[in-house]
Amino acid sequence: MAGFILKRLLQAIFVVLAVTLIVSFAIRLSGDPAVMLMGGGGNVTEQDLQNIRQALGLERPFYVQYLSFLQGILVGDFGRSFMGGTPVSTLIAHALPSTLLLAFTSLLVSIALSVPLGVYAAVNRGRWPDQLIRILSLVGLSFPNFWLAIMMVLLFSIVLGILPPSGMEGPESFVMPALTMAIILTATNVRLVRTSMLETLSQQYIMVARSKGLADRVVLYKHALRNSAIPLVTYIGLQFGSLIGGIVIVERVFNWPGMGTLAFDAISGRDYPVLQGTITVLALFIVLINLLVDIAYGLIDPRIRTE
Amino acid sequence: MSDTAAKPASVHAPLLSVRSLSVEFGSRDSAFRAVKEVSFDVMPGRTLAVVGESGSGKSVTSLAIMRLTDYTGGRIAGGEVLFRRSEQETLDLVKASDSTLREIRGNDIAMIFQEPMTSLNPVFTIGNQISETLTLHEGLNARDARLRAKELLQKVRLPDADKLLDRYPHQLSGGMRQRVMIAMALACNPKLLIADEPTTALDVTIQAQILNIIRDLQQEMGTAVIFITHDMGVVAEMADDVVVMWKGDKVEQGPVREIFAAPQHPYTRALLSAVPRLGSLKGQPLPKRTPVIVMDGGVPKQVGETHVQNTADYAKPILQVDKLTTRFDVGKTFFGRVTHRVHAVEEVSFDIYPGETLALVGESGSGKSTIGRTLQQLIEPTGGTVRFDGRDMAAMSQGERRRLRQEIQYIFQDPFASLDPRHTVGYSIAEPIIVHGLIKDRKAIDRRVQELLEQVGLQPQHAKRYPHEFSGGQRQRVCIARALASDPKLIIADESVSALDVSIQAQIVNLLMELQERRRLSYLFITHDMAVVEKISHRVAVMYLGQIVEIGTRQAVFENPQHSYTRKLLSAVPIADPQRERAETRIEGEIPSPVRPVGQEPAIHRMREVEPGHWVAIEADQLRGAA
Chain R
1 MAGFILKRLL QAIFVVLAVT LIVSFAIRLS GDPAVMLMGG GGNVTEQDLQ
51 NIRQALGLER PFYVQYLSFL QGILVGDFGR SFMGGTPVST LIAHALPSTL
101 LLAFTSLLVS IALSVPLGVY AAVNRGRWPD QLIRILSLVG LSFPNFWLAI
151 MMVLLFSIVL GILPPSGMEG PESFVMPALT MAIILTATNV RLVRTSMLET
201 LSQQYIMVAR SKGLADRVVL YKHALRNSAI PLVTYIGLQF GSLIGGIVIV
251 ERVFNWPGMG TLAFDAISGR DYPVLQGTIT VLALFIVLIN LLVDIAYGLI
301 DPRIRTE
Chain F
1001 MSDTAAKPAS VHAPLLSVRS LSVEFGSRDS AFRAVKEVSF DVMPGRTLAV
1051 VGESGSGKSV TSLAIMRLTD YTGGRIAGGE VLFRRSEQET LDLVKASDST
1101 LREIRGNDIA MIFQEPMTSL NPVFTIGNQI SETLTLHEGL NARDARLRAK
1151 ELLQKVRLPD ADKLLDRYPH QLSGGMRQRV MIAMALACNP KLLIADEPTT
1201 ALDVTIQAQI LNIIRDLQQE MGTAVIFITH DMGVVAEMAD DVVVMWKGDK
1251 VEQGPVREIF AAPQHPYTRA LLSAVPRLGS LKGQPLPKRT PVIVMDGGVP
1301 KQVGETHVQN TADYAKPILQ VDKLTTRFDV GKTFFGRVTH RVHAVEEVSF
1351 DIYPGETLAL VGESGSGKST IGRTLQQLIE PTGGTVRFDG RDMAAMSQGE
1401 RRRLRQEIQY IFQDPFASLD PRHTVGYSIA EPIIVHGLIK DRKAIDRRVQ
1451 ELLEQVGLQP QHAKRYPHEF SGGQRQRVCI ARALASDPKL IIADESVSAL
1501 DVSIQAQIVN LLMELQERRR LSYLFITHDM AVVEKISHRV AVMYLGQIVE
1551 IGTRQAVFEN PQHSYTRKLL SAVPIADPQR ERAETRIEGE IPSPVRPVGQ
1601 EPAIHRMREV EPGHWVAIEA DQLRGAA
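Protein sequences appear in the order of chains R and F.
Per my numbering, the first sequence runs over residues 1 to 307.
Per my numbering, the second sequence runs over residues 1001 to 1627.
Here it is in structure tokens:
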């Protein structure tokens, strides 16, 4: 197991290196931060821009900039924002908790919804509860997340006026962003749980469990669910990446002060250090989650543990 | 114990009484009736065998008793299942509530299933799975349940019960898992045990052990047993009474000796006639085709003729295998260094002559299938030489190797999995003809395919059909036609008849023998089934842990077995004769693993010739007990 984790950590370092390299390179193709900083004002001379580039260290060759960025990461220094000079680490320290909180709440809500619904659909395969759940999940899949977010604001904040439309000011401001994300995740997860459960329920050991006289609840949630969990856990690991992507948009709509908003603003302002910092931290988290998924396999299934 | 009179007399009322039970599948208007008004009684402490071939409804009947058909989409369409729970209480399980059924399942009636590899839940420990039943029905706490689970494991003669409790199913062999299943089923001292083909998936020596355990525990605990099986040998060894099922109907019922001695229904007679019987060719040097009785629309019909298979020509071998060795690397360190190897085949040598059938027999892990795959060039050998028609396979050019693939054909075990479901069988049969460029003209190929279909006993127009439109036996005929398409000299038949019902099996064996005579084919017949081996083969090689331990003519090996493993294998085969004294010989021990750490090479047996052409591995005295 230790060897396995070590191997994965080595892989993780390469993944993070690759991600940072691509991001640093790509953002430098997208526009000049000096121009953005000057706000496109009328009487800016080329000399002024040159001075700004000099001050930000942008005149150096790309590989020097990239290496100094990497050097910074090693000591936890992501540099300073081009806008206002706040250390990037401070910005991330502010934004990361609210994003993680939102991500994990969405994930938990989705699991809490999709597992019982998926199990129920599998048990009632072909009957109306199954059909209904499948149709609903298809409807959920068809919603673009930003549209869903706007519709929620329209319904709950503007028509009903029961939830705050934006910001992060208390438990009730969690409801809409988390639900938006959760609905989209649940739509796929329900199908996954259902398919995986159907596969497991056809196994001989399920019939054996029933022949022992165990109650349906025990057969389904003890004997079957754990055997169906591997595909679900795998998918959640993969989903985490798209979850982060989705969060950028959802945070935008609900004006949620998280990594998504931070990254979005950094892109619009060509704020290289902030963008590099946020993407690196998010990439680290995605890699970490997938490492946890691999470890979870072993916990779920002893056959993988002993390999 | 072979005497039925010695069992508890049937003065009691029946423990279980199945009355006109019908089970249906599918929607009500287009229901398929899998079991049709079947009735039988099970007396306390006795064993009832329910016998039948695939599609007979025997397994559905067994599931319906505990109403487990509820979970497979089945519906009890009529009848009663009266279970005498105590002297005072008799319940109709068809009408029982779910909660009553749950109290009975695993407690009063327990069940063992066919596939030990999939019967245990892979993610829970053995101890957990046995204790579960005990805490549920007997209300034991975790500690007491664990203690009882340990006792149960000892009862089914599993060593190291203490450690086993914390093991997971994948760490156990098939035989051990089936013992765990038995321990689990017997945990709450059930009055009735339903065993659905409990030994079909096991090796014969392991089957013998499991049957012994079931029989001993049944006597000790006074459990009644319903034994579902297709194997008449197992019936003869286990049953007091027999119910014969055919296409959902009960066609015959009676005490085991009467069923075997004087079968009444034509189907029972057909079934018994098809059962291969070990020792049936005693004193006869050559294999023999014998007629088979098959049911033709409810009427028994005799097909085939008696014919001595004098086809082998011992002038010059077609295939010479010399010191063939095949190993696979498994288990690697962090840095990719090999730590363990599977020693699948170790210095195996044998010849096959034109028109001859050599049977390669052995249990799982003996390496018999690896040899077949190596000959078919699906696996590269690690060492040794293979000569076909005098040419060394290793020295062959690409073109010659392709030609060899045409001359050596393979028939697999599972006729369903070895035909492409998306192509017509005509396409599948024509493929080797096209690949090897044997016939160029499209029309001529079609004619050839039709000819081949006729040769294997199918109709020419079957060429346009798809595999799912055929039964298992017909599919295996298609596979044989495909193997014949490239006009091979040698056919490797790897467990090719093992998955078939006996009546179909007998016909396919006859077909193979007929084709051998007509085309002077040589067969390498790979199997674990000694009774089929006796019927079909000229010579026999017995394999154990990657090496041949005995090789000789069929008559020599069967009538004068020298190696202890050959004897063990022969004595483990259930004999379809209830008159015979039931096997008291205790066979113990697992089949050892062919996986060895690198550097620990297995010792190669030296062979001695006991009579002309009959070679036996010399056993070290200390190995005698282990083998």
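We put the CB at the ideal spot given by N, CA and C, even for glycine.
Residue of the options minimising C-alpha distance to residue i
| i | options | result |
| --- | --- | --- |
| R:Arg8 | R:Met83, R:Leu284, R:Pro302 | R:Leu284 |
| F:Pro1574 | F:Lys1058, F:Val1035, F:Val1234 | F:Val1234 |
| F:Val1542 | F:Ser1349, F:Val1456, F:Ala1262 | F:Ser1349 |
| R:Gly3 | F:Val1242, F:Gly1473, F:Phe1335 | F:Phe1335 |
| F:Gly1052 | F:Glu1601, F:Asp1231, F:Ile1433 | F:Asp1231 |
| F:Leu1521 | F:Ala1493, F:Tyr1544, F:Asn1212, F:Gln1505 | F:Ala1493 |
| R:Gly72 | R:Pro302, R:Gly277, R:Gly298 | R:Gly277 |
| R:Arg270 | R:Pro171, R:Val35, R:Gly126, R:Gly246 | R:Val35 |
| F:Leu1021 | F:Tyr1427, F:Ile1480, F:Ile1076, F:Arg1067 | F:Ile1076 |
| F:Ser1131 | F:Ala1185, F:Leu1438, F:Arg1448, F:Gly1174 | F:Ala1185 |
| R:Leu185 | R:Ile247, R:Ile158, R:His223, R:Pro165 | R:Ile247 |
| R:Gly260 | R:Gln54, R:Pro164, R:Thr20, R:Leu101 | R:Leu101 |
| F:Glu1193 | F:Leu1165, F:Arg1157, F:Ser1062, F:His1137 | Checking the sequence, you will find Leu at residue 1193 of chain F rather than Glu. Of the listed residues, the one whose Cα sits closest to F:Leu1193 is F:Ser1062. |
| F:Met1393 | F:Arg1465, F:Gln1320, F:Val1435, F:His1423 | F:Gln1320 |
| F:Leu1606 | F:Thr1357, F:Thr1200, F:Ile1551, F:Ala1049 | Checking the displayed sequence, the identity of residue 1606 of chain F turns out to be Arg instead of Leu. Of the candidates F:Thr1357, F:Thr1200, F:Ile1551, F:Ala1049, the one whose C-alpha sits nearest the C-alpha of F:Arg1606 is F:Ile1551. |
| F:Cys1188 | F:Ala1312, F:Asp1160, F:Gly1055, F:Thr1223 | F:Thr1223 |
| F:Ala1161 | F:Phe1025, F:Lys1191, F:Thr1125, F:Ile1480 | F:Thr1125 |
| F:Asp1296 | F:Glu1305, F:Ala1395, F:Ser1503 | F:Ser1503 |
| F:His1538 | F:Gly1174, F:Leu1500, F:Gln1376, F:Glu1517 | F:Glu1517 |
| F:Arg1373 | F:Phe1412, F:Pro1354, F:Met1396, F:Tyr1353 | F:Phe1412 |
Residue i burial status per 10 Å Cβ neighbour count (16 or more: buried)
| i | result |
| --- | --- |
| R:Lys212 | buried |
| F:Lys1095 | exposed |
| F:Thr1100 | exposed |
| F:Arg1327 | buried |
| F:Arg1391 | exposed |
| F:Arg1624 | Its pLDDT being 47, under 50, F:Arg1624 is placed unreliably by the model, and nothing is read from it. |
| F:Leu964 | Nothing about residue 964 of chain F can be read from this structure; chain F reaches only from 1001 to 1627. |
| R:Pro144 | exposed |
| F:Gln1398 | exposed |
| F:Gln1459 | exposed |
| R:Val309 | Because chain R here runs from 1 to 307, residue 309 of chain R falls outside it and cannot be looked at. |
| F:Arg1337 | exposed |
| R:Thr20 | buried |
| F:Asn1107 | buried |
| F:Phe1388 | buried |
| R:Leu214 | buried |
| F:Gln1579 | exposed |
| F:Lys1489 | buried |
| R:Trp256 | buried |
Proximal chain B residues relative to residue i, where beta-carbon distance stays under 8 Å
| i | result |
| --- | --- |
| R:Gly213 | No chain B is present in this structure, whose protein chains are R and F. |
Inspect the CB distances between the region 218-230 of chain R and the region 197-206 of chain R and report whether three or more fall short of 8 Å. yes
Pair every Cβ in the region 284-296 of chain R with every Cβ in the region 26-35 of chain R, then say whether three or more of these pairs are closer than 8 Å. no
Which full runs of the beta strand (DSSP E) of 3+ residues lie inside the region 1403-1436 of chain F, going along the chain? 1408-1411
Determine which residues of the region 219-235 of chain R have a Cβ less than 7 Å from any Cβ of chain F, and write them out in chain order. His223, Arg226, Asn227
Near-chain R residues of the region 1149-1181 of chain F (beta-carbon distance less than 8 Å), N- to C-terminal order: Tyr1168, His1170, Gln1171, Met1181
Which residues of the region 280-304 of chain R have a Cβ closer than 8 Å to any Cβ of chain F? Give them in chain order. Ile300, Asp301, Pro302, Arg303
When Cβ atoms are compared, which residues of the region 177-197 of chain R fall closer than 8 Å to chain F? none
Could you list the residues in the region 1261-1280 of chain F with a C-beta less than 7 Å from some C-beta on chain R, going in chain order? none
For the structure I just gave you, are there three or more beta carbon pairs, one from the region 1377-1389 of chain F and one from the region 1308-1326 of chain F, closer than 8 Å? yes
Jot down the residue ranges of each uninterrupted alpha helix (DSSP H) in the region 234-303 of chain R, minimum 4 residues, whole runs only, in chain order. 259-268, 272-300
Which runs of the alpha helix (DSSP H) at least 4 residues long sit entirely within the region 1182-1263 of chain F? Give them in chain order. 1204-1221, 1232-1238, 1256-1261
In the region 159-175 of chain R, which residues sit with their C-beta less than 7 Å from some C-beta in chain F, listed in chain order? none
Please determine if the region 175-191 of chain R and the region 94-114 of chain R are in contact, where contact requires at least 3 C-beta pairs separated by less than 8 Å. yes
What are the residues of the region 1388-1410 of chain F that lie near chain R, defined by any Cβ-Cβ distance shorter than 9 Å? none
Under 8 Å, with one C-beta from each stretch per pair, do the region 78-87 of chain R and the region 153-161 of chain R reach the 3-pair mark? no
Can you list, in chain order, the residues of the region 1113-1128 of chain F whose Cβ is nearer than 7 Å to any Cβ on chain R? Phe1113, Glu1115, Thr1118, Ser1119, Leu1120, Asn1121, Pro1122, Val1123
Using a Cβ-Cβ cutoff of 7 Å, what residues of the region 1062-1075 of chain F are near chain R? List them in chain order. Met1066, Leu1068, Tyr1071
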